[in-house]
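Student: The end of the sequence shown is residue 808 by the working numbering, with every number in the run present. Glycine included, C-beta positions come from ideal geometry on N, C-alpha and C. Structure incoming, see below.
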Amino acid sequence: TELPAAAARDDLQLFSSVESSYVSIIFNLRNPDVPFLQDPNVRKALYYGLNREALIDDVINGQGIVAHSLLLPENWAYNPNVTKYDYNPDLARQMLDEAGWVDSDGDGIRDKDGQPMQFLLHANDESVQSALIARIAEDWQALGVNVVATPVPFATLVGDLLTPRRFEAALIGWELTGDPDPYPLWHSTQIEGGGQNYSGWDNAEADTLLEQGRAIVDLEERRGLYAEFQRIFTDELPALLLYYPVYTYGVSDRVHNVQVGSLNHASERFETFPDWYIVTRRVPVNQAPPGAPVEIEGEGTQE
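Okay, here's the thing in structure tokens:
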């Protein structure tokens, strides 16, 4: 990343904005090879065992904010009261013990009924994504869970693993729209037929809330529906929300009135460009510093 070099420059102002997206780990809840991932308590234990603050600081240079919901905090439907799974590896180990996953043979890997607790964690093989899953695997290895970080080309990730549901766990990012409706990602009708409910999560109450959220116009009613949906989601955890990405860019310190907000795309940082300005001062030619560019009307700038 070029961020440290940019931060060291005295002639740059750095501006940061939260992108309208989140990065998460989704689990395949219907893969018979990893039945333990169907247990919400196991998923909660894995969440508690994940040091997201360190992940953000060490892998992406602090360019992220820990996510607790699948909506941005500034979204009108965001529920600030959802369960928050702050890093607690001792609790994670306790929960795995209570779920019956213990290291019975002393090989460092938890097991139950003869099955080791291990799975593949896939991601796009781009450098940052690869580094993220490697670090995540380290956190979970420390709990006694054998996680194999497996980066693959993006086309393989989507076409060969996610779409046909042939994965165990995967790191993916989702772009968000202004409307909080997550129906395409989490309604049970999207499990089959090319839908994007890759995890196979099927919750009747959540389905009803999503259906009602699409049918009702009143914002306050919708807010209540989506607040309850977020509560259910963060209780069952078909996916572990990692962080909201932050986009940082540099602008010359000569430029004033630069304003930032949430970004759907990086190019949106220029939306307020008409309001940017540079303070200049006209001086007579004979008073200009030696070597300074001089603008002569009708002739352009001369040195």
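Of the residues Asn-533, Arg-728 and Leu-690, which one's Cα is nearest the Cα of Glu-579?
Tutor: Answer by Cα proximity: Arg-728.
Student: Val-722: buried (16+ other C-beta within 10 angstroms of its C-beta) or exposed?
Tutor: Val-722 comes out exposed.
Student: I think Ser-525 touches Leu-577, with their Cβ atoms under 8 Å apart; what is that distance to the nearest whole Å?
Tutor: Between Leu-577 and Ser-525 the Cβ distance is about 6 Å, and since that is below 8 Å, they are a contact.
Student: Flag this pair as touching only if the segment 560–576 and the segment 736–753 have three or more C-beta atom pairs under 8 Å; answer yes or no.
Tutor: A contact exists between the segment 560–576 and the segment 736–753.
Student: My assumption, with CB atoms under 8 Å, is that Leu-690 sits in contact with Gln-701. Please give the rounded CB distance.
Tutor: About 5 Å; that satisfies the 8 Å criterion.
Student: Roughly how many whole angstroms lie between the Cα atoms of Arg-548 and Glu-741?
Tutor: Using only the alpha carbons, I get a separation of about 8 Å.
Student: Contact between the segment 627–635 and the segment 675–685 is defined here as three or more beta-carbon pairs at a separation below 8 Å; is this criterion met?
Tutor: The segment 627–635 is in contact with the segment 675–685.
Student: Find the nearest neighbour of Ile-826 within the set Gly-611, Gln-634 and Gln-543, judged by alpha-carbon distance.
Tutor: With the chain running from 506 to 808 in the structure shown, residue 826 is simply not present.
Student: Roughly how many angstroms separate the alpha carbons of Val-751 and Leu-551, rounded to a whole number?
Tutor: The alpha-carbon atoms of Val-751 and Leu-551 are separated by roughly 24 Å.
Student: Can the beta-carbon of Asn-651 be found less than 8 Å from the beta-carbon of Pro-685?
Tutor: No. Outside cutoff.
Student: Mapping the DSSP letters down to three states, classify Ser-574 as helix, strand or coil.
Tutor: Here Ser-574 sits in coil by DSSP.
Student: Mind reading off the beta-carbon distance from Leu-724 to Trp-606? Whole number of angstroms is fine, and I expect it under 8 Å.
Tutor: 44 Å between Cβ atoms; not a contact.
Student: Go through its chain and collect everything with a Cβ distance to Leu-648's Cβ below 7 Å, but skip five positions before and after it.
Tutor: Gly-554, Pro-594, Ala-597, Arg-598 and Leu-601.
Student: By Cβ distance, which residues of its chain are closer than 6 Å to Tyr-592, with the 5 residues on each side in sequence left out?
Tutor: Cβ within range, chain order: Asn-556.
Student: When the distance is taken between beta carbons, is Asn-584 closer than 8 Å to Ala-711?
Tutor: No, these two residues do not count as a Cβ contact at 8 Å.
Student: Buried or exposed: where does Arg-671 fall if 16 or more other Cβ atoms within 10 Å of its Cβ makes it buried?
Tutor: Arg-671 is exposed by the Cβ-count criterion.
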